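Below you'll find the structure, written out as C-alpha cells, and then a few comments.
Protein chains in written order, with our numbering: chain A, 1 to 434; chain S, 1001 to 1434.
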C-alpha cells in the first residue's frame, strides 16, 4: 500500500518531511568505473570506444561501423506504420511551434551616458543527444531533444544510441529523421558521453550533451561538465495529481500509473480532499494493475513510493504541492479552480490543468518538452528548452564621453579591490593617474 | 615571452590547436578531501561546520557566532569612504537596470485545437552566494551575484564569506547591504557549500548556489549539483584584444594586463594585423610591468599563458576569435569596424567595442555581469544573469475537443513505446479501448 498522510493530523509535518527526504535515486557506486571509461576514451579514442561497445553492447565493429549510414536509417524508418509516422510528425510540428514561442529576443539599448549595452543569443555550434536504447525505445525523447536544438539553430546534431546486439529501432530512426539529427552513432553508456565530449578520430567533439540515460550516463555527464555543457540530470519520473471528488477514480488511477509504469523508483502522489474518493482511486489503481502490461513495475512503484495525501482544502494545497516540487503536476478539477490553484503553485516542472489533460498528452503531442526536472529540482530548474541550445553574449560600447562619466567610479572600485592594471586601463584613457 | 603565432605561416594550425588545448586549470587533487568535508557537514551539521571553520579560517566561535549580526555589518559598512560608497551604488543601479532588461516574459496562447499552452517564469525561493575572502576582497562580485537574484525576485539570499582570522571586509559588507543580501555567514570553502546545500541546525538550506571560489569550492559545487542548482564553474580569467595599429600600444598593454593581474594562470591574448604594432604592445607591457603593484602575478601570466597572434586581416579574424571563445573580447578599432566584426563573432562571454571601452568597465559599472564563462565555455554558456535565478514551468490545458483531436496521436505513440498506462490515461478519457 502507498503511504497515507493526513495534512490535518498531528504528526503530519514529521511524516511529510520524512517522505520528502526519501532518496529514490539508485545509489550505485558507478563513479570510479565511469572515471576510468571516460579517461580511457579520452586517451585512446576510437580504439577504446570500439572495445567498450563490443563489451557492453555485444556490437563487434570497427570505428567506421559505429556510424549509422543514411541509407540504413531511411530503410529502417520506412518500415514504421503510417499511423505512427503521422503521430510523430504531428508531435514534431507541435514541439517546434511551442519551442519557437520561447526563443529569447536580443536586447540592445543606449543609456543616458551614451553607453550601448546589449545581450545577444546565438546557437551552439554542435550538440550531442543521448538516446537510451535497449529494452525501451523512446522516439518521443528524440523529438524532445533534437527539435528544440533545431529551433535554436544548432548546425550539427550528433545523436548516440546504444544498440545491444546491434539492433536499431525503426521508430527511433524515423524520429531522428523527422527531427533532423545530422549524425547517428550506435554507441552508448559513459563511453558515448566521453566520445562526444572529447571527440575521437572518427567522431567530432560537441559543445553540449543532452538527453536522459542510466546512472552511468548521468555520472559521465557530470564528469565531463565544463569540457562541454550538459542539461539537467534526469532522475526517476514523478507525478502529483491534485483531484477533487468529482473525478472518475479510474481516470485518476490511470494518470497515477502512467508515471509509475516507467520504473519501480518512480513516484506517484495523489492529493485529495475526500477520503472516500481517495479510497476509490486506490481501488481503481488495484484493478488497473490487473490489466496493465507493465503492472509489475507500476505496482512496485505505487506500493513503495506512492502516497495519498488528504488535505482539508484543495484550493489551499499549493504549499504542499510546492514542497513536493514534482516533475508533473495535474490539477484535475473545474477550469476556474485549476486556474486559481495553478497561479499559486511556484515549484513544478509542468502543470496540466483540468479533467481532460492527462499528463501523457505532454509526453507526446502537447508541444511542451517532456524532459523535466525530477527529485525536487523544479525548485531551481525548468525543463529542457530552446535556451539550452543558445548562449548569451553581453555587449558593451562606450563613447569617450560615456567613459569619462562612468570611468571614475570604475577606477575607484578597481583601486578599492587592489587591482592596479584594471585601474590603469581606465585611467590611461581618461588621461588620469591611477 | 608570450607565445607568438602568425596565422599566415605554415604550421599555424598545429601550434594554435596546441595553444587552445593547454590546460590552465589547477589540477589539484581535491575531490576526495571535498567529498569527506561535504559528507561530514551533511551528517553532523553545525558541529562539523564550526570545526572546519576553526581549522581552516582560524575562527573560533559557536554556530550562532557564524552569522554576522546586522549591527556589525552596518558598523563596518559605515567605515567605507564616500567615494567608494557612491561608486558601489552607481554600479548596483546600473547592474539592476541592465538585468531588468533581460527578464523573460511569460508566454501563453491557445492553439487551433483549443489547447492552452504556456511557459511561466518564477523566482527561486532561496539562493546562496559564495563570496571569496582572504587576501582579495571583491565587493563587485557581491553586486554581480546578489543584484540579479534580487531583480529575479528571490526572497532569501544567504551570502557566505570566509573570514580568515575573523577579519571582515568593510567594502564587502557595504556591497551586501546595497545589494540586499538577507543573511551573511562567515564561512567558506567546501564546508560552506555543503552547509548551504543541505542546511544545518542554524543555516537553512538554499535552492541554488552561485559565486566564484577556489578549487575546493568548485569541486564542492560540482558535488552538490542536483541537490541544489549551481552556476557555471569559474576558471582563470581571460581577455582577448583584437587591435589595429591605430591604437595607443600603452592602452592595449593595460587592457591585456588587467586580466593577467588576476592570477598567474589567467590568459591574455592580442590579435593584431601589424607586426610593428604588436611589438610595441609587447614593449608597453614590459614597461607597465615595472610599475604595477601586482606585477609578479601579471608578468607570470603574460609570459606563461599570453599570446600574440598576427593575422592578415582583422575583419576576417572572427573564426580565430571563436576558436578561443574567450571570457572577454575587446575590439579596439573604429566603431564601424568593431560593429562589423562583432556581428561575425559567435563565441564570447562579453564583447567590448571600440577604443574607449576597456574590459574593466564591464567588471564594475557597465551594468552587464562580470561572472562570465571561461576555458572556452562561451561555446555553450553565457554569463550569470537573471535567468539563473528563475525557473520555467510549462502549462498545458486541453478542452475535451482538443483532447479528442490530439489524443489519438498520443495514444499511438504510447503504444509504440510500450507504455500501456500512458495510453490508458488518454484512451479512458476518449472512451476508447487501449
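We treat Cβ as the ideally placed atom computed from N, Cα and C, and that holds for glycine. Predicted model only: the values in this text are computed from it and were never measured.
Notebook entry, point to check: Quick one, which of 319(A), 371(A) and 254(A) has its alpha-carbon nearest residue 1429(S)'s?
Noted result: In this structure, 254(A) is the residue among 319(A), 371(A) and 254(A) with its C-alpha nearest to the C-alpha of residue 1429(S).
Notebook entry, point to check: By DSSP, does residue 45(A) sit in helix, in strand, or in coil?
Noted result: Assigned with DSSP and collapsed to three states, residue 45(A) falls in coil, not helix or strand.
Notebook entry, point to check: Counting Cβ pairs, one atom from each stretch, are 3 or more of them under 8 Å apart for the stretch 176-192 of chain A and the stretch 131-146 of chain A?
Noted result: These segments touch.
Check: Closest to residue 2(A) by CA distance: which of 265(A), 65(A) and 32(A) is it?
Finding: That would be 265(A), whose Cα lies nearest to the Cα of residue 2(A).
Next item on the list: Answer with yes or no whether the minimum CB distance from residue 43(A) to chain S is below 8 Å.
Entry: For residue 43(A), the answer is no, since every Cβ of chain S falls outside 8 Å of its Cβ.
Check: Between the stretch 383-397 of chain A and the stretch 114-124 of chain A, are three or more C-beta pairs nearer than 8 Å?
Finding: Yes, they touch.
Next item on the list: Starting from the Cα of residue 1196(S), find the closest Cα among 1261(S), 1168(S), 1047(S) and 1128(S) and give me that residue.
Entry: Comparing Cα positions, the closest option is 1128(S).
Next item on the list: Report the option in 1170(S), 1100(S), 1108(S) and 1111(S) whose CA atom is closest to the CA atom of residue 1150(S).
Entry: The option with the nearest alpha carbon to residue 1150(S) is 1100(S).
Check: Does the Cβ-Cβ distance between residue 1203(S) and residue 1185(S) come in under 8 Å?
Finding: Closer than 8 Å, so yes.
Next item on the list: Pull up the CB-CB distance for residue 1281(S) and residue 1309(S), whole angstroms please, since I reckon it's below 8 Å.
Entry: Residue 1309(S) and residue 1281(S) do not touch by the CB rule: their CB atoms are close to 12 Å apart, not below 8 Å.
Checklist line | Unbroken alpha helix (DSSP H) run spanning residue 945(S), endpoints | finding: Missing from the structure shown is residue 945(S); chain S here goes from 1001 to 1434 and no further.
Item checked: residue 1322(S) in three-state terms, based on DSSP -> Helix.
Next item on the list: Return the CA-CA distance between residue 72(A) and residue 174(A), expressed in angstroms with no decimal places.
Entry: Taking the straight line joining both Cα atoms gives about 11 Å.
Next item on the list: Note down, in chain order, every chain A residue with its Cβ under 8 Å from the Cβ of residue 1155(S).
Entry: By Cβ distance, chain A contributes nothing, its closest Cβ being about 10 Å from residue 1155(S), past 8 Å.
Check: Can you tell me the Cα-Cα spacing of residue 18(A) and residue 347(A), whole angstroms?
Finding: Residue 18(A) and residue 347(A): Cα-Cα distance of roughly 19 Å.
Checklist line | Interface partners of residue 302(A) on chain S, CB under 8 Å | finding: One finds nothing in chain S with a Cβ atom closer than 8 Å to the Cβ of residue 302(A); even the nearest lies about 10 Å away.
Item checked: residue 331(A) vs residue 242(A) beta-carbon contact at 8 Å -> Contact annotation: residue 331(A) and residue 242(A) have beta-carbon atoms nearer than 8 Å.
Next item on the list: Decide if residue 329(A) is buried, meaning its Cβ has at least 16 other Cβ atoms within 10 Å, or exposed.
Entry: Taking a 10 Å sphere around the C-beta of residue 329(A), we find 16 or more other C-beta atoms and assign the residue as buried.
Next item on the list: Starting from residue 1429(S), find everything on chain A with Cβ-Cβ shorter than 7 Å and list it in chain order.
Entry: Chain A residues near residue 1429(S): 251, 356 and 358.
Check: Is there a Cβ from chain A that is less than 8 Å from the Cβ of residue 1102(S)?
Finding: Cβ-Cβ to chain A under 8 Å: yes for residue 1102(S).
Notebook entry, point to check: Less than 8 Å separating the beta-carbons of residue 1154(S) and residue 1141(S)?
Noted result: No. Outside cutoff.
Next item on the list: Please look up how many angstroms separate the CB atoms of residue 420(A) and residue 1261(S), rounded, as I've assumed it's under 8 Å.
Entry: Indeed they touch by this definition, with Cβ atoms about 7 Å apart.
Margin query: Just to check my reading of the structure: residue 1403(S) and residue 345(A) have Cβ atoms closer than 8 Å, yes? What is that Cβ distance to the nearest angstrom?
Written below: About 22 Å separates the Cβ atoms of residue 1403(S) and residue 345(A), ruling out a contact at the 8 Å cut-off.
Next item on the list: Under 8 Å between beta-carbons, which chain S residues line up against residue 369(A)? List them in chain order, please.
Entry: By Cβ distance, chain S contributes 1394.
Checklist line | chain A contact residues for residue 1267(S), given Cβ-Cβ distances below 9 Å | finding: The contacting residues do not exist; residue 1267(S) stays about 14 Å from chain A at best.
Notebook entry, point to check: Does DSSP put residue 105(A) in a helix, in a strand, or in coil?
Noted result: It is coil, neither helix nor strand.
Check: Using 8 Å as the threshold, is the stretch 295-306 of chain A in touch with the stretch 316-323 of chain A, meaning 3 or more CB pairs across them?
Finding: Because the criterion of three Cβ pairs below 8 Å is not met, the stretch 295-306 of chain A and the stretch 316-323 of chain A do not touch.
Check: If you check the beta carbons only, do residue 1417(S) and residue 138(A) fall under 8 Å apart?
Finding: Going by C-beta atoms, residue 1417(S) is nearer than 8 Å to residue 138(A).
Next item on the list: Look up residue 1248(S) in the DSSP assignment and say whether it is helix, strand or coil.
Entry: Residue 1248(S) falls in the coil class under three-state DSSP.
Notebook entry, point to check: Thinking C-beta only, is residue 326(A) closer than 8 Å to residue 378(A)?
Noted result: When the beta-carbon positions are compared, residue 378(A) and residue 326(A) come within less than 8 Å of each other.
Margin query: To test your reading of the DSSP string, which unbroken alpha helix (DSSP H) runs of 4 or more residues are found completely within the stretch 1376-1426 of chain S?
Written below: Segments of the alpha helix (DSSP H) lying fully in the stretch 1376-1426 of chain S: 1400-1416.
Notebook entry, point to check: Quick one: does residue 198(A) have its CB under 8 Å from some CB of chain S?
Noted result: No - not a single Cβ of chain S is within 8 Å of the one on residue 198(A).
Next item on the list: List the residues of chain A whose Cβ lies closer than 7 Å to the Cβ of residue 1365(S), in chain order.
Entry: Neighbours of residue 1365(S) on chain A, chain order: 406, 409 and 410.
Next item on the list: May I have the straight-line CA-CA distance separating residue 31(A) from residue 219(A), to the nearest angstrom?
Entry: Cα to Cα, the separation comes out at about 6 Å.
Notebook entry, point to check: If we call anything under 8 Å between Cβ atoms a contact, is residue 208(A) one with residue 124(A)?
Noted result: It is a contact, given that the beta carbons lie within the stated cut-off.
Next item on the list: Inspect the beta-carbon positions of residue 1187(S) and residue 1160(S) and report whether they are closer than 8 Å.
Entry: Yes.
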